[in-house]
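Remarks on the structure that follows.
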DNA sequence: GTCTCTGCAAACGTTTTGCAGGCAA
DNA sequence: TTGCCTGCAAAACGTTTGCAGAGAC
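And the structure:
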């Protein structure tokens, strides 16, 4: 579920092209466990490909989110953050956000139970509201050990 | 848990003053079940108090969130949205967001089970990461009946 | 009267758009 | 060769800040 070959295939399947910026962004997010912002991604890619523009970063991120390869998050710091979607090299997890310093912890405790409940809720909501549910986000907010 | 009297008391307790803009914003959010943005709140308050400035709206919303009277949400439409906190005239609920038209449905199915699981997760995370957990947000994303 | 609160204007940072040129297929 | 993709510049947008005056207590 990763690497240039698979990506090319995935892009072709949607009628898109595999270009250097797209590949670079996917590779970067494959290698990190952080939740990077557009600017951080720009800085990192800029180091290996100085010709890149911020606009391309934004457009590429939108595309990858739309293709289901990335997930977009808002942790309340005024900018969107991105990570590889679950299943694409990453395990299912949720986030624990420190409201003081912005630190984010990925946790996967009780994920089994969560998934079970989420399934039940999704089924009930789909029926009750005739909604086609695609995704969910669960976040906990608090104060981390350092900030206490 | 509402009304000018209770509010005044609550403000005084924190060393704040109960002013017209603060009262108007609280009253507005008490009366609606919608998830209003700063601009929408501005427009609504502006009708009964044309002297109000957008700045005041933002500052007041921040204050009310910090006091625990409001909750701030991001539904992915590029602006923050606000509603009365649970317990202040509102029942505990979560959100179902249409990614096409932005429609938001408040649901409270399985809230009992959710709260139970949330408690378990909170306990586990508090211990494991030494985190003081204050809040959580759960959102489902999908496509509503009209947009299908 | 004190000190908080407010409105205005301007600034700020992130994200989006228009357009001409570049490059994958 | 085609037309998707890119970079630049500029604009748009939500939000924040500085400051002088107004108003709650």
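Protein chains in written order, with the numbering used here: chain A, 68 to 215; chain B, 68 to 215.
Ideal Cβ positions, reconstructed from N, Cα and C, are used throughout, including at glycine.
These numbers come from a predicted model, not from an experiment.
How about residue i and residue j: do their beta carbons lie closer than 7 Å?
i	j	result
residue 180 of chain A	residue 184 of chain B	yes
residue 111 of chain B	residue 85 of chain B	no
residue 205 of chain A	residue 200 of chain B	no
residue 173 of chain A	residue 141 of chain B	no
residue 93 of chain B	residue 74 of chain B	yes
residue 211 of chain A	residue 207 of chain B	no
Less than 8 Å between C-beta atoms, sequence neighbours within five positions excluded: which residues of the same chain meet that for residue i?
i	result
residue 182 of chain B	159
residue 157 of chain B	150 and 151
residue 190 of chain B	none
Return the CA-CA distance between residue i and residue j, expressed in angstroms with no decimal places.
i	j	result
residue 105 of chain A	residue 135 of chain B	31 Å
residue 113 of chain B	residue 119 of chain B	6 Å
residue 149 of chain B	residue 76 of chain A	42 Å
residue 194 of chain B	residue 188 of chain B	10 Å
residue 178 of chain A	residue 161 of chain A	8 Å
residue 143 of chain B	residue 71 of chain B	33 Å
residue 121 of chain B	residue 115 of chain B	14 Å
residue 97 of chain A	residue 78 of chain A	17 Å
residue 107 of chain A	residue 80 of chain B	42 Å
residue 209 of chain A	residue 82 of chain A	43 Å
residue 133 of chain A	residue 101 of chain B	27 Å
residue 175 of chain A	residue 146 of chain A	24 Å
residue 163 of chain B	residue 203 of chain A	9 Å
residue 103 of chain A	residue 171 of chain A	11 Å
residue 129 of chain B	residue 99 of chain A	33 Å
residue 196 of chain A	residue 186 of chain B	27 Å
Given residue i, which residues of its chain have a CB within under 7 Å of its CB, disregarding the five upstream and five downstream residues?
i	result
residue 214 of chain A	165, 167 and 168
residue 91 of chain A	112, 115 and 116
residue 139 of chain B	132, 147 and 149
Could you pull the DSSP bridge partners for residue i from this structure?
i	result
residue 103 of chain B	B:149
residue 205 of chain A	B:205
residue 200 of chain A	B:209
In chain order, what residues of the same chain have a beta carbon less than 6 Å from the beta carbon of residue i, not counting five sequence neighbours either side?
i	result
residue 131 of chain B	137
residue 89 of chain B	127
residue 109 of chain A	121 and 124
residue 153 of chain A	159
residue 87 of chain B	none
Starting from the N-terminal side, write out each stretch of the beta strand (DSSP E) that is 3 residues or longer and does not extend beyond the segment 135-197 of chain B. DSSP runs (the beta strand (DSSP E)) wholly in the segment 135-197 of chain B: 137-141, 147-151, 161-165 and 171-174.
Curious, which full-length alpha helix (DSSP H) runs of at least 4 residues does the segment 71-116 of chain A contain? Counting only runs of 4 or more, we get 71-81, 87-98 and 105-115.
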